[in-house]
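Undergrad:
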Amino acid sequence: MSFGACGDDGGGTDTTGGDTLVADTSGDAVDDTAAADSLITDSSVTDSLVGDTGGDTLTGDTSVTDTSQPPPTGCEDPIPTPASGVCSVTAGSTDALLIRGDIVMPTGIQERGSVLIVNGFITCSGCDCPTEAAAQGATVIACPHGVIAPGFINAHDHITYTQMSPVAHGTTRYNHRHEWRTGANGKPKLSSKSNTNSLGDAWGEARQVMGGATSLFGSGSERGFLRNLDKPNALERISHLDATYDTFPLGDSGGTIVSSGCSNYNLPGVGETQGTAAYAPHVAEGVIGGARNEYVCMSGQDSGGVDVLGENSAYIHSVGLTSADIALMAGEGGSLIWSPRSNTDLYGFTASAPIFDRLGARIALGTDWTASGSVTMGRELRCAEEWNVYWNNYFSDKQLVDMATYGAADALGFGDIIGSLTAGKAADITIWDGTTNTGYRAILDGNVDDVLLVLRGGTPLTYGGNTYFRRGTPLYGEPALVDALSDRPLDWSKYDHVLWPSAASLPAPCEEVDVCGATKKLCVAEQLETTVSGGSALTTTSLAQFRADLEPTSYGLFFCDTPTNEPSCVPARPGEFTGAMVAGDMDGDGVADADDDCPSYFNPPRPMDGTSQPDVDGDGVGDVCDPCPFDANTTACTSVDPDDIDGDGYLNPNDNCPAIPNEDQADGDEDGVGDLCDKCPEDPNPNGAPCPASIYDVKKRVTAIGDAVSIKGVVVTALASNAYTVQLPASDLKYDGAAYSALYVFNGSDPKPAIGDKVDVSGVVSDYFGEVELTSSSWTIVTSGVGAPAPLVVTPAEVAVGGANADAYEALLVKVQNVSVLNIAPTGQTGETVAGEFLVTGDLSVDDQIFLVSPFPVVGQTYTAITGVLRFTWNRNKLLPRSAADFVEGTPILLAAEPAQSWIYQGQSSAMTTPPLNVVLTGEALAAMTVGVTSGNTSALTVVGGGVNFVIGDRTKPVLLNALAANADVTLTATLDDVTVTAHVTVLAAAHVPTPASVVPASSVVTHGDAATFTVTLDTPAPPAGLTVGLAATGPHTTVPASLAFAAGEMVKTVDVGTPSDGVGTLTLTATTSAGSANGSVEVSDAPPRATVIWCFENAAGTFITTPTVDQDSLAASTFVYGSGVANQANVSGNSASTVRPAECTAATSKAATGTGWPTGTARGENNYYGFILDVGPGVYHLSFEVLRSGTGPTSFEVVSTVDGMLKSWTIGDVSTWSVFDQDVTLTGGPDQIRFYAYASEGTAGTLRIDNFALRPAN
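Just so we're on the same page, the working numbering is the position in the sequence shown counted from 1, plus 71.
(1) For my contact list, residue 1130 and residue 1081 are in at a C-beta cut-off of 8 Å; report their separation, rounded to the angstrom.
(2) Would you mind sorting residue 704 into buried or exposed? The rule is 16 or more other CB atoms within 10 Å of its CB.
(3) Is the number of C-beta pairs between the segment 1163–1180 and the segment 1088–1107 that are closer than 8 Å three or more?
(4) Identify the continuous beta strand (DSSP E) that holds residue 1089 and give its terminal residues.
(5) Pairs of beta-carbons, one from the segment 1002–1011 and one from the segment 1029–1048, closer than 8 Å: are there three or more?
(6) Which term fits residue 224, buried or exposed, when burial requires 16 or more other beta carbons within 10 angstroms of its beta carbon?
(7) On the criterion of 16 or more Cβ atoms from any shown chain inside 10 Å, does residue 565 qualify as buried, or is it exposed?
(8) For residue 1187, count neighbouring Cβ atoms within 10 angstroms of its own Cβ and tell me buried if that reaches 16, exposed if not.
(9) Taking the continuous beta strand (DSSP E) assigned at residue 1253, which residues delimit it?
(10) Assign residue 400 to one of three DSSP states: helix, strand, or coil.
(11) Need the endpoints of the alpha helix (DSSP H) that residue 551 sits in, please.
(12) Tell me, which residues are paired with residue 256 by DSSP?
(13) Enumerated in chain order, which unbroken segments of the beta strand (DSSP E) with a length of 3 residues or greater are wholly contained in the segment 268–352?
(14) Is residue 597 closer than 8 Å to residue 561 when the C-beta atoms are compared?
(15) From this set, 1060, 1053, 982, which residue's C-alpha is nearest residue 1030's C-alpha?
(16) Distance check for residue 1023 and residue 995, CA to CA, integer angstroms please.
(17) Can you tell me where the alpha helix (DSSP H) holding residue 769 begins and where it ends?
(18) Do residue 186 and residue 200 have their CB atoms nearer than 8 Å?
(19) Could you pull the start and end residues of the alpha helix (DSSP H) that residue 366 belongs to?
(20) Starting from the C-beta of residue 1153, find all residues in its chain whose C-beta is less than 6 Å away, skip the five residues before and the five after it, and write them out in chain order.
(21) Whole beta strand (DSSP E) runs in the segment 1018–1086 with 3 or more residues, listed along the chain?
(22) Alpha carbon to alpha carbon, how far is residue 1310 from residue 1317?
(23) Quick check: what's the CA-CA separation for residue 289 versus residue 1160?
(24) By the three-class DSSP mapping on this structure, what secondary structure does residue 979 have?
(25) Looking only at DSSP bridge pairs, what is residue 1122 linked to?
(26) Would you call the CB atoms of residue 857 and residue 808 closer than 8 Å?
(27) CA-CA distance, residue 1267 and residue 487?
(28) Going by DSSP, name the residue or residues bridged to residue 1326.
(29) How about residue 1105 and residue 923: are their beta carbons less than 8 Å apart?
(30) Is it buried or exposed, residue 413, if we count other Cβ atoms within 10 angstroms and call 16 or more buried?
(31) Between residue 689 and residue 469, which are expected to be in contact by the criterion C-beta below 8 Å, what is the C-beta distance as a whole number of angstroms?
(32) Can you have a look at residue 1238 and say buried or exposed, based on whether 16 or more other CB atoms are within 10 angstroms of its CB?
(33) In whole angstroms, what is the alpha-carbon distance linking residue 263 and residue 491?
(34) Give a yes or no on whether the C-beta atoms belonging to residue 172 and residue 502 are separated by under 8 Å.
(35) Within a Cβ cutoff of 6 Å, which residues of the same chain sit near residue 592, ignoring the five residues on either side of it in sequence?
(36) From 850, 852, 765, pick the residue whose C-alpha is nearest to that of residue 811; which is it?
Shown next as structure tokens:
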């Protein structure tokens, strides 16, 4: 997620999570051309596939009126012409509201009609409303050229990603959502980023409001603005069940694509449709068999699946459905939620909306998200119009508007309370300017400046003893209309007076904004009012501040013309079709008119259809234009039997191929799966069980990607944190050589067999960025401890990039011999982390995925042998050693003389420096050896013995020196063979007295009565006889030692200075020797200081630690804990490239804490958290950290202070990008614990990492 929406509510670090991909290439003949810079239809972009360079330009006649569209009706009473503008406002004496204009009714447009609103609900719509008793004294908005319509209902969005701009991907088109989400099937992965600002969701909702929307089904919510139909606490004052939003109904957020069978899914329960207004899962987003299989497993067509189709089910996307599938959905009363722009941009296809309509299914419209979809519902309707041209103007203008209003309400189970302007419904209303474009065209051709009013109805708001918004809640529109209805002022007495020091400092509830040259009002401050974190006082934001905070990092709030880089709605796929309507191919589908079974309807074959256009009844008329797609050569249609969707005479539960007609029910292996749909018709595999296969067949791609297989009698050769490797032993009767005999098996955090175990493995054949592997795997022991096979000796060049056996030996246990280290900091590909990796002879990469060698090698170092398994990742083989035993070092070379600077006093003989100077080799000496060390000034310093002598097993030896005369800098040079290293030694005069270099307090502030700790550092080591440093203090203090004794060679000492229980001020400590002095100060305060606490999770050497790297000014030591519900507590690679990684985290190898056992559901588990135990002073802090979830890891997160409560909650779906928490928080102070909780609505067997935790004073 990676790329988020419809794929993650969520590329490139190839380490642990995110590796649960199962690819599907069935019927996929599409070019895998890598992504270019743009596919977006901006006028500055050229795309040879696309014949439309602007989302506004339709390529056909959209003025055609479908005969199903009823003509407008009208009321007799004329509407007075306003003095100016489109609408007039007449203030009333009651709380009722009467709106007059051309009313969009369920049956059509009623000209000169009216809508009466009382207490936020419609009580009358039609011609007679002005005569109703409640209309007497009502405020009247009269719009003789206004079109009064239900507010748009956006039936599909991912509002938590709404700050994103469109993401370009050149001419690349995808076959399944997991291809762009995770890079499955070798397709380029797209990047996504969830909202970074706490008001990011509000930005998206305000944008939708300005486009005429009043409700959203968007996997997230913000206070105010839109009615959030999937959030029971954000329904904005209507009483109703919420609808259930399910991005990953099959538990496949890790990227699983399965061509057939349901056993590899985490299926939803049949109860998903119960107790909810609607169940709306993302299903069949793609055009290959693996997309359709999702629907098969959720519609009861497969014996291993589940049937969640019903009258309150609404399937999002449904691109990869057959006509029979659509008939089944319609027959069960289900609905389609259609997002044509996003479908077109990513796949070049969209759902077959005319077939859904013809067969009786409801259709709702949704924008999806800004990354590949539409910025507003108006733009999504514009895309639907473009598709309507490709379908010979099948839909009328009325039908299109219905999809965005009452059709969406019905699909989501809210048709009883919103979606139409009829009595009893909430007054969710948008008024459009119909001066130029009348009727439905005012809506379809309208833009943000054509919106005159957006009104959200519902129960009036009672607050502070007063009742507001009886006429409805204005959100956006013409100032006169908004002002007439905005009756709730902001009450300064209830606001935080630090943030808002006076009533005049508060913004107006609704503020003016210039929209494309028209003055409008947007009600930001009133809608975004909330309580201050941790308190009860109110705060809000002004429109100006809202835009200043969000605009620089967000896609636009509104657009006057075609949105910048808007994704195209011209269908195009490389080598298949361009969408250009030209002579000989008038529908642009790439099929010549002479051969086209629907020459006026765009209907190319999808990869899942093979090479033929869909024509289920075989009558030569394609399904999309066939009035009776299931009855050949007739317009007298018979109904499709949802109990026998393939029409072969066998009811679905009794049909051994329920989706493929097979009247003979042939089943050669008698496994209950008909031969026509059996992956292995000669080997029994009931209920989609894996088919027998060999590693050879899998690695040579004889077995199809996406197939479930069972492999017998293989031996485990290596274990990684999330996978293991197996290979066929040479003793097996089916052994046919080392080539293609080994396989990488991904199983996440699940238990693993031991190296040397003989096992049977099952899983799904997957292509992970070019590496053939098993995912969704399981294993059983055949024989324990048979031992791993001996490694195959290979040359580096034959298995490196371009090598003769690079493909054949992938995943095999191999050994390279007599190699030298060429590069210890190789350059990786974009997005790749190469820390811990080095190159050896033949440009073979040696990687630390399983084991990091220590000490790390240097260039020129030799190894007699390195053993490991080969893994293809980042477009090359890497050798993965398993332990230190896999490294056999060659003759060591000289590594260093360290430290770079040390000291010795004149007159010392056969002595070590301070700190000790050592000569270091790259490895243990294999034989006795001498390293010569020479002095650059023998009159000042000589080397005892002329160097150092190593015996077998030594790696480090100290250098002994004779200090003859004072000298500021003597260079010592150590030499072994052709390697030379140097270090510097200062010879101090015998009478030299060190000078205090610094006096540094442990914290900048201490609480009175506590001791202040200072660190005194000398500029040089203390002499052999030691040194006494005098101490003196000024300011509030009680006790201070008169002196501080430094032993020989010491340079750093600490000392505590007491402070009085009631004194405050600046305490200064001065340290003095005869050579000079230094001082340092600390503030003595009556309140504890704000602390700085940082967890890098690694020390300077790169070793994992859970103690804080920095713990400054805390009142007690800070600690990290795992909640008792967190399983498999471990450490893994962290994020050294993070934008929030503290500067104090300096180790080259970043570490992170990780664990599993995160709960399933919609609420956190009280014992499932990472905890940071703190005891700090009160105040505003800046808190930052980041997390990374695996493919099956949790998606919902909460940051909670045990003292101050909820700090933030949010969701992510991306499985390859670290999600950042970065904001200011107010802490009461004292003993506290900041807990990071995680959970998800689907299975959460996966892992969750946390890294780079930093708590600092906010200013």
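Built from N, CA and C at the ideal position, the CB exists for glycine as well.
Keep in mind it's a predicted model, so treat the numbers as computed, not measured.
TA: From the atom records:
(1) About 6 Å separates the beta carbon of residue 1130 from that of residue 1081, a gap short enough to meet the 8 Å contact definition.
(2) Exposed.
(3) Because the criterion of three Cβ pairs below 8 Å is not met, the segment 1163–1180 and the segment 1088–1107 do not touch.
(4) Taken as a continuous stretch (DSSP letters only), the beta strand (DSSP E) holding residue 1089 covers 1083–1089.
(5) Touching, yes.
(6) Result: buried.
(7) Exposed is the call here.
(8) So residue 1187 counts as exposed.
(9) 1250–1260 is the span of the beta strand (DSSP E), which, as asked, contains residue 1253.
(10) Helix at residue 400.
(11) Membership of residue 551 in the alpha helix (DSSP H) is indicated by the continuous run 550–556.
(12) For residue 256, which the question treats as bridged, DSSP gives no partner whatsoever.
(13) Entirely contained in the segment 268–352, the beta strand (DSSP E) runs reaching 3 residues are, in chain order, 284–287, 315–317.
(14) Yes, these two residues count as a Cβ contact at 8 Å.
(15) Looking from the CA of residue 1030, the closest CA among 1060, 1053, 982 belongs to 982.
(16) The straight-line gap from Cα to Cα measures roughly 7 Å.
(17) Segment 766–770, the alpha helix (DSSP H) holding residue 769.
(18) Between residue 186 and residue 200, the C-beta gap is smaller than 8 Å, which places the two residues in contact.
(19) 360–369 is the span of the alpha helix (DSSP H), which, as asked, contains residue 366.
(20) Exclusion of the five residues before and after residue 1153 leaves 1072, 1077, 1083, 1138 as the residues of its chain whose Cβ lies within less than 6 Å of its Cβ.
(21) Assignment of beta strand (DSSP E) within the segment 1018–1086, counting only whole runs of 3 or more residues, yields 1018–1021, 1027–1029, 1032–1034, 1038–1047, 1050–1059, 1067–1072, 1076–1078 in chain order.
(22) Straight-line Cα distance between these residues: approximately 11 Å.
(23) Distance between residue 289 and residue 1160, taken at the CA atoms: about 43 Å.
(24) Three-state result, residue 979: coil.
(25) Residue pairing by DSSP leaves residue 1122 without any beta bridge partner.
(26) The criterion of a C-beta distance shorter than 8 Å is not satisfied by residue 857 and residue 808.
(27) Taken atom to atom, the span from the alpha-carbon of residue 1267 to that of residue 487 is near 31 Å.
(28) Its beta-bridge partners are 1164, 1254.
(29) No, the Cβ-Cβ distance between residue 1105 and residue 923 is not below 8 Å.
(30) It is buried - the Cβ of residue 413 has at least 16 other Cβ atoms within 10 Å.
(31) Here residue 689 is actually not in contact with residue 469; their C-beta atoms are around 34 Å apart, not less than 8 Å.
(32) Here residue 1238 is exposed, its C-beta having fewer than 16 other C-beta atoms within 10 Å.
(33) Rounded to the nearest angstrom, the gap between the Cα atoms of residue 263 and residue 491 is 35 Å.
(34) Contact: yes.
(35) Its chain contains 550, 553, 581, 583 as the residues whose beta carbon lies nearer than 6 Å to that of residue 592, once the 5 sequence neighbours on both sides are disregarded; these appear in chain order.
(36) The candidate whose alpha carbon is nearest that of residue 811 is 765.
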